[in-house]
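Residues in the sequence shown are numbered from 0 upward in steps of one, following numbering that gives the first Met the number 0. Beta carbons: idealized from backbone N, C-alpha and C, even for Gly. Have a look at the structure below before the remarks.
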Amino acid sequence: MRLHPGLLALGLLIFAGLACKFNVGNINSGNVGGNANTAANTSGASNSSGKTAAEEAGGVHIDELYMAKSQNSDKVDTFSPSDRTVYAIAKLSEAKPGTKVKFTWFAGDVGGYQRNSKIQDFDITTGPRENIVYAHLMLPRDWPAGTYRVETEVNGKADKEVWYEIK
């Protein structure tokens, strides 16, 4: 029996879609996080000098981190539950190929979920002339109301974080 290539491709596409699907019942594969009192905070894990670990290490670090509704939209700190995709956008201090940027989403204060639960990691390695990095999470239904946090690392060193709210 011979499988039709189109059916095989469709099956692989469905499998990939199911593997990436977020399930709100499993916080580790979805989107949640934050603290209502610190929405839009873009600080990082800084030390006594006021610099993040990535800045202290020298080299590439994040100059600016913010949330947006698309790759090309303005900064926002509040989303509607019906905004199915949320973007974290990091502007790097320089474009250096091979820079590793890690985005980690957390549930800050979201009803029904443990406070500060890790949701998902998103790892990116930059290419040539790439100094703006995008990460996004999607939910196929309305987001649970609450606050969320995205933390970043550059080349394994803690850098900036940003809080946002779904209301």
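Check the C-beta distance from Trp142 over to Pro80 and give it rounded, since I have them as a contact under 8 Å.
Their Cβ separation, rounded to whole angstroms, is 5 Å, which keeps Trp142 and Pro80 in contact under 8 Å.
Please tell me whether Arg148 and Gly107 are closer than 7 Å, where the distance is taken between their beta carbons.
Yes. Within cutoff.
Taking the alpha carbon of Ala144 as the reference point, which residue from Lys156, Arg83 and Lys159 has its own alpha carbon closest?
The shortest C-alpha separation from Ala144 is found at Arg83.
Return the first residue and the last residue of the beta strand (DSSP E) that Ala67 is part of.
Counting along the chain, the beta strand (DSSP E) containing Ala67 begins and ends at Ile61 to Ala67.
Does DSSP classify Glu55 as helix, strand or coil?
In the structure shown, Glu55 sits in a helix (DSSP, three-state: H, G or I).
Taking only the alpha-carbon atoms, compute the straight-line gap between Asp62 and Lys159 and give it to the nearest angstrom.
Each residue's Cα considered, the two are about 9 Å apart.
Helix, strand or coil, according to DSSP, for Thr77 in the structure here?
Residue state, collapsed to three classes: strand.
When you compare only the Cα positions, how much space is there between Met66 and Gly57?
Straight-line Cα distance between these residues: approximately 25 Å.
Out of Asp73, Ile88 and Lys101, which has the shortest C-alpha to C-alpha gap to Thr124?
Answer by Cα proximity: Lys101.
Thinking just about the alpha-carbon of each residue, which of Pro127, Glu152 and Ser69 is nearest to the one in Ala53?
Nearest of Pro127, Glu152 and Ser69 to Ala53, Cα basis: Glu152.
Looking at Lys99: is its Cβ nearer than 7 Å to the Cβ of Asn154?
The answer is yes: Cβ separation under 7 Å.
Find the nearest neighbour of Leu91 within the set Val59, Glu55 and Asp76, judged by alpha-carbon distance.
Comparing Cα-Cα distances from Leu91 to each of Val59, Glu55 and Asp76, the minimum goes to Val59.
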